[in-house]
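K.L.:
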Amino acid sequence: MNEMTETATEAAVNAAASNRSVKMRGDKVGVFYGEKQALFDVDLDIYEHEVTALIGPSGCGKSTFLRCLNRMNDTIDGCRVTGKLTLDSENIYDPKIDVVELRARVGMVFQKPNPFPKSIFENIAYGPRIHGLVKSKGDLDEVVAISLQKAGLFEEVKDRLNEPGTGLSGGQQQRLCIARAIAVSPEVILMDEPCSALDPIATAKVEELIDELRENYTIVIVTHSMQQAARVSQRTAMFHLGNLVEVDATDVIFTNPSDPKTQDYITGRYG
Amino acid sequence: MTDIADQSVSTAAATTGRSLLQRGEHAKRRAASETRFRMLGLVAVMIGILAVVGLLASILSNGVSSFFQTYVTVDIYLNPAKLDKTGNRDPEALQKVTTFAYAPLISAAVEKLIETHGIEIEGLKPKDAAKIISKEAPASVRNYVLAHPSKIGETVKFDLLADGRVDGYYKGRVTMDSAKLDRNISPERLELADKLKHAGVLKTRFNWSFFTAPDASDTRPEAAGLGVAILGSAYMMIIVLVLSLPLGVAASIYLEEFAVQNFFTDIIEVNIANLAAVPSIVFGILGLAIFINFAGLPQSAPIVGGLVLTLMTLPTIIIATRAALKAVPPSIREAALGVGASKMQATFHHVLPLAMPGILTGTIIGLAQALGETAPLLLIGMVAFVREFPGAPPEGFFDPASALPVQVYNWTTRGDPAFVERASGAIIVLLVFLIIMNGLAIMLRRRFERRW
Ligand SMILES: Nc1ncnc2c1ncn2[C@@H]1O[C@H](COP(=O)(O)OP(=O)(O)OP(=O)(O)O)[C@@H](O)[C@H]1O
Ligand SMILES: [Mg+2]
Chain A
3 MNEMTETATE AAVNAAASNR SVKMRGDKVG VFYGEKQALF DVDLDIYEHE VTALIGPSGC
63 GKSTFLRCLN RMNDTIDGCR VTGKLTLDSE NIYDPKIDVV ELRARVGMVF QKPNPFPKSI
123 FENIAYGPRI HGLVKSKGDL DEVVAISLQK AGLFEEVKDR LNEPGTGLSG GQQQRLCIAR
183 AIAVSPEVIL MDEPCSALDP IATAKVEELI DELRENYTIV IVTHSMQQAA RVSQRTAMFH
243 LGNLVEVDAT DVIFTNPSDP KTQDYITGRY G
Chain B
364 MTDIADQSVS TAAATTGRSL LQRGEHAKRR AASETRFRML GLVAVMIGIL AVVGLLASIL
424 SNGVSSFFQT YVTVDIYLNP AKLDKTGNRD PEALQKVTTF AYAPLISAAV EKLIETHGIE
484 IEGLKPKDAA KIISKEAPAS VRNYVLAHPS KIGETVKFDL LADGRVDGYY KGRVTMDSAK
544 LDRNISPERL ELADKLKHAG VLKTRFNWSF FTAPDASDTR PEAAGLGVAI LGSAYMMIIV
604 LVLSLPLGVA ASIYLEEFAV QNFFTDIIEV NIANLAAVPS IVFGILGLAI FINFAGLPQS
664 APIVGGLVLT LMTLPTIIIA TRAALKAVPP SIREAALGVG ASKMQATFHH VLPLAMPGIL
724 TGTIIGLAQA LGETAPLLLI GMVAFVREFP GAPPEGFFDP ASALPVQVYN WTTRGDPAFV
784 ERASGAIIVL LVFLIIMNGL AIMLRRRFER RW
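Chains A and B are the protein sequences, given in the same order.
Position one of the first sequence corresponds to residue 3 (this note's numbering), numbered consecutively onward.
Position one of the second sequence corresponds to residue 364 (this note's numbering), numbered consecutively onward.
(1) Determine whether the beta carbon atoms of LEU670(B) and PHE654(B) lie at a separation below 8 Å.
(2) Is the closest heavy atom of ligand 2 to the C-beta of SER198(A) under 7 Å?
(3) Which bits of chain B does ASN116(A) rub up against, with CB to CB less than 7 Å?
(4) Taking C-beta to C-beta, are LYS816(B) and ALA464(B) nearer than 8 Å?
(5) Going by DSSP, name the residue or residues bridged to ALA525(B).
(6) With distance defined between alpha-carbon atoms, name the residue in GLY129(A), ASP143(A) and ASP47(A) nearest to ARG237(A).
(7) Hey, out of LEU423(B), VAL415(B) and ALA562(B), whose CA is closest to THR479(B)'s CA?
(8) Grouping DSSP H, G and I as helix and E and B as strand, with all else coil, what is ARG27(A)?
(9) Assuming PRO196(A) and ALA106(A) are in contact, meaning their beta carbons sit under 8 Å apart, how far apart are those beta carbons, in whole angstroms?
(10) DSSP on ARG392(B), reduced to helix/strand/coil?
(11) Does the beta-carbon distance from GLY154(A) to LEU211(A) come in below 8 Å?
(12) According to DSSP, simplified to helix, strand and coil, what is SER260(A)?
(13) Please state whether the Cβ-Cβ distance between LYS56(A) and ALA232(A) is less than 8 Å.
(14) Using a Cβ-Cβ cut-off of 8 Å, state whether MET228(A) counts as contacting chain B.
(15) Nearer than 7 Å: is that true of the beta carbon of SER227(A) relative to any heavy atom of ligand 2?
(16) Between the alpha carbons of VAL190(A) and ALA597(B), how many angstroms are there, rounded?
(17) Run through chain A and tell me which residues come within less than 7 Å of LEU717(B), C-beta to C-beta.
(18) Under a three-way DSSP split, which group does ASP530(B) fall into?
(19) Determine, for SER705(B), whether the minimum Cβ-Cβ distance to residues of chain A falls below 8 Å.
(20) Please identify the residue among GLY516(B), ASP540(B), ASN547(B) and ASN506(B) whose C-alpha is closest to the C-alpha of ALA525(B).
(21) GLY699(B): which of ASP447(B), ASP522(B), LYS689(B) and HIS713(B) sits nearest, CA to CA?
(22) So, does the CB of ALA106(A) fall closer than 8 Å to a CB anywhere in chain B?
(23) Can you list the residues of chain B that THR220(A) reaches, using a CB-CB cut of under 7 Å?
(24) Between ILE482(B), ALA789(B) and LEU794(B), which lies nearest to GLU554(B) when the distance is taken from Cα to Cα?
(25) Measure the alpha-carbon distance for LEU441(B) versus ALA502(B) and round it to whole angstroms.
(26) Among all residues, which have a Cβ less than 5 Å from at least one non-hydrogen atom of ligand 1, and in what chain order do they fall?
(27) In this structure, what does DSSP give as the bridge partners for LEU41(A)?
(28) Is DSSP giving TYR2(A) helix, strand or coil here?
(29) Quick one, which of THR676(B), THR737(B) and SER513(B) has its alpha-carbon nearest ILE644(B)'s?
(30) Kindly list the residues whose CB is nearer than 7 Å to the CB of LYS114(A), restricted to its own chain and excluding five residues on each side of it in sequence; keep chain order.
(31) So, with DSSP's three-state summary, where would you put ILE798(B)?
(32) What in chain A is Cβ-close to HIS713(B), meaning under 8 Å?
(33) Can you name the residues of chain B whose CB is closer than 7 Å to the CB of ARG182(A)?
(34) Between which two residues does the alpha helix (DSSP H) containing GLY140(A) stretch?
(35) Does DSSP put THR365(B) in a helix, in a strand, or in coil?
(36) Under a CB-based cut-off of 8 Å, is THR66(A) close to chain B?
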């Protein structure tokens, strides 16, 4: 069965690679939390201008893998990453690279909306300011407005940019966080269950937004909702117990998965 | 309808044998123990309140009078023949004239005062009459003359401190009976004081010099003030604030945000917690050994006191700051790191401002603790009798000074009961400072409190 799976996957990957370029590539990525290994030899390619969904039962290492992609795991004491991860074929775990620069290029949206306890404007202006992306106040205003527009939030908040970001509704806060991530012009946006704290209407809005953002950005999203993965992603990677079970085009995964574990998981018999 | 409902209720009670209106054996016991516990708590709180009220009442009743002082208004003829024999107002020559030359002038002025008001008291020797004026008076007249040499030869109106016993007479500490047995006062002089009071030249009024004057020797409690002590305490607080806030916050940020958890940091952590519990007198010994004997800093100086109190305050500030930093949700740090802030930017732009109320509260409480600390200061010589005001900072930090709590201690050890009153007054001043500081802490916390 393994051989079958591998050839099938490889074929799919190659097919995709022929018309899309690889943005990020994981090569035998392993992650240890102290002694405990949470991720085993994950080989996963992220293609440019695509939404890649990571699915799998709780505790299988989706967040762990996602957080490797912008080295957010560095902040966890005792976390160690092995193998190789590249962004535009540069190894992001090379000791010489600047982590801050990496995080500016690979932005992140978290599971729980976490706006800064500052004004809406300041929330978005912060990133461009610390990266020196803007020269004048006028430029900054423009970046804030454009980011909010791209996140589909501008109309709702344009009259109260000076009010605290924490005063928005949950869905608005999450879109604010997306706008904040966009404001520093990242190339890749990582989202860890961005809709899990939102109601269905806010979820629909964010999903719509993700689909639009695909035009300009590369997106990796962790989700527990099969429908969401099916709706927003082009490729889906299934994780189980720290292993990458399979990765393929989303419609293949959902209609004709090659691994029975995937089959069980997406039909809800498992996890 | 109602009937049916009633019926069903009674049947329910009948079938289960239970009713919400009747307590069972177990429930009764539980309710009783709850009532007992509540009463116990109430009694505890009452005892606490009583203790505080009693303490405050005794301090206030003893100490408030120290804010008032008795003064005598006299016209003194600044006799040039006594004060300036050369006649050319040479400052150096004036400086050489001691307070002994001034005393007769005051005596003469008091005699004249008695004469002009037509006061006659049997058994009062003329030379004793002037003893109702404080022994401090010649010095204050002399200071005036040195400051205004041109006034020599004129008659100037002075508000002179009355003697401590006379002052005590109006505060109820001295009575006619006790005056008979007292070498320092006689009933005749008290009678004189009464007559002068009646004539309107002897008054008891608010005593600003209690806050501005330096300490005074054992025989003149009426002149003793808190000036040097307040200044010394203020200098030490400045030193403590300037040293312990940045040091404490930097150490906390490093430990909380940057340091990797390992054996070494664990040891530091345990030590900081222990330092906070070290008796303060140990810090005094440390200060004596290191700052005075080893580093050679002067004794009794605010700089040494400030350094010792800094060592004492640091653990408090570090513990408070770390707690405040810990209370900032990690999601804020992740948010900042996620948009590409460096660790330092995340800390200083986002975490620190959110932790600020906690840090400030901790700092002020640490400072308040330091302000009231006495034991370590005794060991480094702050208890010495200091009459000279320390100079302006930064040099003034090295001049001898006193401190508020030490001054309280010092006054309670003196013989004259007038000093007990002063000590209570000083305690009130200290308490007012502490209340102000704690109020400030509460205000800052309210002000900066933010939710996320
Ligand atoms: N900070 C950490 N320290 C130690 N172990 C961790 C840490 N974070 C995650 N793990 C472990 O790593 C494994 C993978 O966790 P991860 O958070 O990546 O799972 P996940 O797939 O995102 O799960 P979920 O869907 O519930 O979010 C789990 O077994 C978890 O216990
Ligand atoms: Mg997760």
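Each residue gets a CB set at the ideal place from its N, CA and C atoms; glycine is no exception.
P.N.:
Short version:
(1) Yes, they are a contact pair.
(2) No - ligand 2 has no heavy atom lying nearer than 7 Å to the Cβ of SER198(A).
(3) In chain order: SER694, ILE695, GLU697 and ALA698.
(4) Here chain B comprises residues numbered 364 to 815, so residue 816(B) is not present and cannot be evaluated.
(5) Note: ALA525(B) sits in a beta bridge opposite ILE496(B).
(6) When C-alpha distances from ARG237(A) are compared across GLY129(A), ASP143(A) and ASP47(A), the shortest belongs to ASP47(A).
(7) Selected option, being the one with the closest Cα: ALA562(B).
(8) Strand, per DSSP.
(9) Contact doesn't hold; Cβ gap of about 20 Å is too wide.
(10) In this structure, ARG392(B) counts as helix in the three-state DSSP scheme.
(11) With respect to LEU211(A), GLY154(A) sits close: the two C-beta atoms are nearer than 8 Å.
(12) Collapsing the DSSP output to three states places SER260(A) in coil.
(13) Reading off the sequence, residue 56(A) comes out as Leu, not Lys. It is not a contact, given that the beta carbons lie outside the stated cut-off.
(14) For MET228(A), the answer is no, since every Cβ of chain B falls outside 8 Å of its Cβ.
(15) SER227(A): no, Cβ never under 7 Å from ligand 2.
(16) Taking the straight line joining both Cα atoms gives about 56 Å.
(17) Correct list: PRO119.
(18) The three-state secondary structure of ASP530(B), taken from DSSP, is helix.
(19) The beta carbon of SER705(B) falls within 8 Å of a beta carbon belonging to chain A, placing the residue at that interface.
(20) In terms of Cα proximity to ALA525(B), the closest of GLY516(B), ASP540(B), ASN547(B) and ASN506(B) is ASN547(B).
(21) The sequence as given places Ala at residue 699(B); Gly does not occur at that position. Per the Cα distances, HIS713(B).
(22) Answer yes: the Cβ-Cβ gap between ALA106(A) and chain B drops below 8 Å somewhere.
(23) Neighbours of THR220(A) in chain B, taken as residues at a C-beta separation under 7 Å, are lacking, since the least C-beta distance is about 16 Å.
(24) Closest by alpha carbon: ILE482(B).
(25) One C-alpha to the other measures close to 14 Å.
(26) Those residues are TYR35(A), ALA40(A), SER60(A), GLY61(A), CYS62(A), GLY63(A), LYS64(A), SER65(A), THR66(A) and ILE78(A), given in chain order.
(27) Assignment of beta-bridge partners to LEU41(A) by DSSP yields VAL33(A).
(28) In the structure displayed, chain A extends from 3 to 273; residue 2(A) sits before or after that span and is not available.
(29) Of the candidates THR676(B), THR737(B) and SER513(B), the residue whose Cα lies closest to the Cα of ILE644(B) is THR737(B).
(30) For LYS114(A), where only same-chain residues beyond five positions count, the Cβ hits under 7 Å are ALA199.
(31) ILE798(B) falls in the helix class under three-state DSSP.
(32) Those within 8 Å of HIS713(B) in chain A are PHE118.
(33) Going along chain B in sequence order, the residues near ARG182(A) (Cβ under 7 Å) are VAL702.
(34) Per DSSP, the continuous alpha helix (DSSP H) segment holding GLY140(A) begins and ends at 139-152.
(35) With a pLDDT of 47 at THR365(B), under the threshold of 50, the predicted position of this residue should be treated as unreliable, though the coordinate-derived value follows. DSSP places THR365(B) in helix when its eight states are reduced to three.
(36) Not an interface residue.
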